[in-house]
Structures are given as structure tokens and as C-alpha cells.
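First up is the structure itself, then whatever we jot down about it.
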Amino acid sequence: MNIFRLAGDMTHLASVLVLLLKIHTIKSCAGVSLKTQELYAIVFATRYLDILTSFVSIYNTLMKLIFLGSSFSIVWYMKYHKTVRRTYDRDQDTFRHWFLMLPCLLLALLIHEKFTFFEVLWTFSLYLEAVAILPQLVLLQRTRNIDNLTGQYIFLLGGYRGFYILNWIYRYFTEPHYVHWITWIAGLVQTLLYADFFYYYFLSWKNNKKLQLPA
Amino acid sequence: AKEEESHDEL
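If you're matching them up, the sequences are chains S and U in order. Positions 1 to 215 (the working numbering) are the ones given, in order, by the first sequence. Positions 1 to 10 (the working numbering) are the ones given, in order, by the second sequence.
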């Protein structure tokens with residue numbers, strides 16, 4: 001565990017907590033894409049299938065449980081909670097997430113490190129995570145009206161990706177045989193998707209103004 | 001060891 005990996009995990013954890021705080025305390029999920037949240041639930045479910053069979057550390061297992069639990073509870077809140085679900089921007093959140101899942105599954109079947117059930121699903125989760133933010137970014141673009149918590153949520157998620165890239169660079173130079181092209185390319189693609197959002201986030205921060213995306 | 005390495009991240 002290096003400082004970049006820890007910082008990445010902590011920003012990831014913070015992003016989830018910010019979103020749960022918004023949903024649980026304010027009882028609102030306005031501006032949050034259910035499509036993206038469903039994709040994350042699928043990402044964690046397929047990636048952490050090994051939770052019972054492979055043990056790395058208590059830290060890893062605990063974090064896996066937190067990410068699984070939080071992603072499914074966010075989906076549950078948005079779909080079934082009687083107050084929260086009424087604040088969901090159903091009509092704007094129309095991204096077809098099947099269009100993301102199918103190509104990711106095909107790609108995982110074609111490009112993977114090992115052709116086993118767990119490994120292909122694990123690779124699928126990497127590809128899907130890379131693009132899972134797209135429905136959220138489209139929803140932001142459409143509603144344009146972004147409250148602080150939603151902005152912070154996406155900012156923290158992007159931060160998590162950035163720290164993971166630093167972690168990979170660090171591990172590449174400090175650990176022999178640490179080469180994972182699939183993870184790196186998927187992670188890089190994912191981080192690049194945030195670039196545009198980050199640009200406008202920093203502009204609004206610099207000018208001390210509310211975050212607004214151009215039409 | 002390689003397999004473990006690739007799955008020790010979250």
C-alpha cells in the first residue's frame with residue numbers, strides 16, 4: 001500500500017459518502033444518474049465476486065463490502081425510497097446503459113489476461129467502470145443546474161482515478177513484474193472522461209461561482 | 001503471485 005493508492009481509495013470512499021449524505025440527509029437525488037449508479041453496482045458485483053475466495057487483507061475485504069453495500073443501497077434509494085425516488089430526474093436520465101454493457105462484455109471476452117470465468121468478469125468490470133460515468137456526465141450536461149454535493153461527488157470520483165494512476169506509476173517503478181496494461185488503459189480512459197468536467201469545475205472554483213456547464 | 005498482484009487493488 002502506497003500513499004497514492006490510499007489517497008485514491010479515500011477519495012473514492014469520500015465520493016460515496018458525499019452521495020449517500022445527499023440522498024440520506026437531504027432526501028434528494030436530483031442531478032444523480034441512476035444509470036451510472038446501476039452500472040457501478042454491476043461493476044462492483046462482477047469485480048468482487050472473489051470476495052469469499054481470495055483474501056488480500058482485512059482492509060481490502062472491508063472496502064469491497066463498503067463499495068458493494070453503498071452502490072446497491074444508492075440504487076435502492078433512487079428506485080424504491082418513497083421520498084428520494086420522486087426527486088430523480090427520470091426524463092433527463094435516458095442514457096441507454098445496455099449500449100455500454102454489451103461492448104464491454106464483448107471486449108472482455110476478446111481482451112483479457114486469462115480466459116476464465118472470474119478473470120473475464122473482472123476484466124468486464126474494468127471496462128465498464130471506465131465508461132460508467134458517461135450517463136452521469138450526460139445528465140449534468142442536460143440539467144446544467146448542478147448543486148454543490150453532486151459537483152463534489154464527481155470531483156472526488158475523478159480524484160480517485162487520478163490517484164490510482166499515480167499509484168500505478170509508483171508501483172511500476174518500485175515493484176518488479178508490476179505490468180497490467182488492461183487495468184492501466186481502462187483507468188486512463190476513465191480519467192480522461194473527467195477532463196472536461198474538471199476544467200469547468202476549476203473555472204467555477206477559481207471564479208468562486210456556482211458550477212455551470214456550457215449548453 | 002502475478003494473479004494476486006493484479007487483484008490486490010479495489
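All C-beta atoms in this analysis are idealised placements derived from N, C-alpha and C, irrespective of residue type, glycine included.
Once you ignore the five residues that flank residue i on each side, which residues in its own chain have a CB closer than 7 Å to its CB?
| i | result |
| --- | --- |
| residue 243 of chain S | This structure does not reach residue 243 of chain S, given that chain S is present from 1 up to 215, and the question cannot be answered. |
| residue 198 of chain S | 158 |
| residue 210 of chain S | 204 |
| residue 143 of chain S | 31, 89 and 92 |
| residue 184 of chain S | 168 |
| residue 48 of chain S | 64 and 68 |
| residue 108 of chain S | 120, 123, 124 and 127 |
| residue 118 of chain S | 49 and 50 |
| residue 4 of chain U | Only weak support exists for where residue 4 of chain U lies, its pLDDT of 48 falling under 50; the value from the coordinates is given anyway. Cβ within range, chain order: n/a, list empty. |
| residue 70 of chain S | 16 and 20 |
| residue 105 of chain S | 124 |
Skipping 5 residues on each side, what residues in its chain have a beta carbon closer than 6 Å to that of residue i?
| i | result |
| --- | --- |
| residue 171 of chain S | 178 |
| residue 190 of chain S | 130 and 161 |
| residue 114 of chain S | none |
| residue 37 of chain S | 74 and 75 |
Just to confirm, is the Cβ distance from residue i to residue j under 9 Å?
| i | j | result |
| --- | --- | --- |
| residue 13 of chain S | residue 149 of chain S | no |
| residue 173 of chain S | residue 46 of chain S | no |
| residue 196 of chain S | residue 139 of chain S | no |
| residue 212 of chain S | residue 15 of chain S | no |
| residue 5 of chain S | residue 164 of chain S | yes |
| residue 214 of chain S | residue 200 of chain S | yes |
| residue 62 of chain S | residue 95 of chain S | no |
| residue 27 of chain S | residue 97 of chain S | no |
| residue 154 of chain S | residue 137 of chain S | yes |
| residue 10 of chain U | residue 60 of chain S | yes |
| residue 112 of chain S | residue 182 of chain S | yes |
The alpha helix (DSSP H) that contains residue i, what's its start and end?
| i | result |
| --- | --- |
| residue 103 of chain S | 98-110 |
| residue 8 of chain U | Per DSSP, residue 8 of chain U belongs to no alpha helix (DSSP H) and is neither H nor E. |
| residue 148 of chain S | 148-174 |
| residue 207 of chain S | Per DSSP, residue 207 of chain S belongs to no alpha helix (DSSP H) and is neither H nor E. |
| residue 115 of chain S | That residue, residue 115 of chain S, is in no alpha helix (DSSP H); it is neither H nor E in DSSP. |
| residue 45 of chain S | 34-47 |
| residue 9 of chain S | 3-25 |
Excluding the five sequence neighbours on either side, which residues of its own chain have a C-beta within less than 8 Å of the C-beta of residue i, listed in chain order?
| i | result |
| --- | --- |
| residue 101 of chain S | 39, 42 and 128 |
| residue 156 of chain S | 11, 12, 14, 15 and 18 |
| residue 186 of chain S | 126, 127, 129 and 130 |
Cβ pair count under 8 Å reaching 3, the region 86-104 of chain S against the region 29-39 of chain S: yes
Looking at chain U, which residues of the region 51-68 of chain S have a Cβ within less than 9 Å of any of its Cβ atoms? 54, 56, 57, 60, 63, 64 and 67
What residues in the region 157-182 of chain S have a beta carbon less than 7 Å from any beta carbon of chain U? 177, 178 and 180
Residues of the region 7-34 of chain S in Cβ contact with chain U at a cutoff of 8 Å, in chain order, please. 9 and 12
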